[in-house]
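Here's the structure we're looking at; comments come further down.
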Amino acid sequence: MLNPEDISHNLSIRYNETEVAGQLSKMKKFDGIDSESMSFKILIDGTGVVAQETFVDVKTQVKTLLDIVYVYDGVKHEPNHVRILWGSFIFFGRMDSISFKYTLFKPSGEPLRAEADVKFSGFLTAEEEALRSNRSSPDLSHVVLVKAGDTLPALCDRIYSDPLVYRQVAEVNRLVDFRKLIPGTRLLFPPLR
């Protein structure tokens with residue numbers, strides 16, 4: 538397989554549009570970030586013109602590619618997630634579609650060259666989504682893993698911008714001594730009024 542000539546990487550934001558009486562344009566309110574997507578074409582060569590460590594025919598290369606991105610995994614009950622690395626670019630996702638165009642053949646009809654047009658959608662686990670979205674505000678509950686050196690007033694300052702609410706947080710978490718937080722403990726920081 539040869540490197541793609543180019544790669545398309547698409548990002549988009551979703552908005553809810555509402556019409557407001559008396560205004561010329563619609564109001565747009567942020568609704569979310571769509572999955573990123575990626576597409577490219579791969580040239581699969583079986584002519585022997587392109588140097589390879591060991592010769593692999595087009596049929597075998599196509600099967601290998603499909604085994605990675607398309608074949609249903611009976612244990613996971615879904616096709617594989619893939620990580621695509623290209624230089625410093627890293628993409629995590631799943632294949633949306635793949636199509637093959639065979640362009641050169643032996644007299645027997647065996648393909649010597651093919652082009653694979655591949656499209657992927659970004660995929661994140663729930664944990665990766667939470668980390669990437671970085672959603673945090675004082676009106677939402679937070680769970681914090683205590684690290685060595687953490688103090689309850691400092692954690693309250695970080696989450697609520699008010700170190701003096703530590704007593705309320707200590708009550709919610711039933712802490713006997715808020716001055717001695719144990720590393721590895723999970724603390725709940727609920728919305729406070």
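In the numbering used here, the protein residues as written are 538 to 730.
We put the CB at the ideal spot given by N, CA and C, even for glycine.
| said: Among Lys717, Asn540, Gln589, Thr601, whose alpha-carbon lies nearest the alpha-carbon of Ala685? | reply: Here residue 685 is taken as the residue at index 148 of the sequence shown, counted from 1. If we check each option's Cα against that of Ala685, Lys717 comes out closest.
| field | For Val619, the first and last residue of its enclosing alpha helix (DSSP H) | value | The residue given as residue 619 occupies position 82 in the sequence shown. Run containing Val619: none in the alpha helix (DSSP H); it sits in the beta strand (DSSP E), 619-623.
| task | Give the straight-line distance between the Cα atoms of Asp694 and Asp568, rounded to the nearest whole angstrom. | result | Mapped onto the sequence shown, residue 694 falls at position 157. Mapped onto the sequence shown, residue 568 falls at position 31. The straight-line gap from Cα to Cα measures roughly 29 Å.
| field | CB-CB length for Phe628 against Ile621, believed under 8 Å | value | Working through the sequence shown from its first residue, we reach residue 628 at position 91. Working through the sequence shown from its first residue, we reach residue 621 at position 84. Correct: roughly 4 Å between the Cβ atoms.
| Distance, Pro700 Cα to Lys578 Cα | For this step, residue 578 is matched to residue 41 along the sequence shown. For this step, residue 700 is matched to residue 163 along the sequence shown. So the alpha carbons of these two residues sit roughly 55 Å apart.
| query | How many Å lie between Asn617 and His546 at the Cα? | reply | Numbered from its first residue, the sequence shown carries residue 617 at position 80. Numbered from its first residue, the sequence shown carries residue 546 at position 9. Looking at the two C-alpha atoms, the distance is approximately 20 Å.
| field | Check whether Asn710 and Leu725 have beta carbons under 7 Å apart | value | In the sequence shown, counting from the first residue as 1, residue 710 sits at position 173. In the sequence shown, counting from the first residue as 1, residue 725 sits at position 188. Yes.
| Contact belief for Leu689 with Val681 at Cβ below 8 Å, rounded distance in angstroms | Counting from one through the sequence shown, the residue named residue 689 turns up at place 152. Counting from one through the sequence shown, the residue named residue 681 turns up at place 144. At roughly 10 Å, the Cβ-Cβ gap does not stay under 8 Å, so Leu689 and Val681 are not in contact.
| task | Identify which residue in Thr555, Val619, Arg723, Val702 has its Cα closest to the Cα of Val683. | result | Reading the sequence shown from its first residue, position 146 is the one you call residue 683. The shortest Cα separation from Val683 among Thr555, Val619, Arg723, Val702 belongs to Arg723.
| Rounded to a whole number of angstroms, what is the C-alpha to C-alpha distance between Lys596 and Met575? | Looking up residue 596 in the sequence shown gives position 59. Looking up residue 575 in the sequence shown gives position 38. C-alpha separation (whole angstroms): 25 Å.
| request: Starting from the N-terminal side, write out each stretch of the alpha helix (DSSP H) that is 4 residues or longer and does not extend beyond the region 643-723. | output: 663-670, 689-697, 703-709
| Proximity to Val599 [Cα-Cα], best of Val587, Phe592, Ile581, Asp714 | For the purposes of this step, residue 599 is identified with residue 62 of the sequence shown, where counting begins at 1. Comparing Cα positions, the closest option is Ile581.
| request: Note down, in chain order, each residue of its chain lying with its Cβ closer than 7 Å to the Cβ of Gly585, except the 5 sequence neighbours on either side. | output: As a position in the sequence shown, residue 585 is number 48, starting the count at 1. Closer than 7 Å at the Cβ level, and outside the excluded window around Gly585, lie Phe592.
| Are the CB atoms of Gly583 and Leu539 nearer to each other than 7 Å? | Here residue 583 corresponds to residue number 46 of the sequence shown, with the count starting at 1. Here residue 539 corresponds to residue number 2 of the sequence shown, with the count starting at 1. No, these two residues do not count as a Cβ contact at 7 Å.
| Nearest-angstrom Cα separation, counted from Leu561 out to Asn553 | Along the sequence shown, read from residue 1 onward, the residue named residue 553 stands at position 16. Along the sequence shown, read from residue 1 onward, the residue named residue 561 stands at position 24. Answer to the nearest angstrom: the Cα atoms are 16 Å apart.
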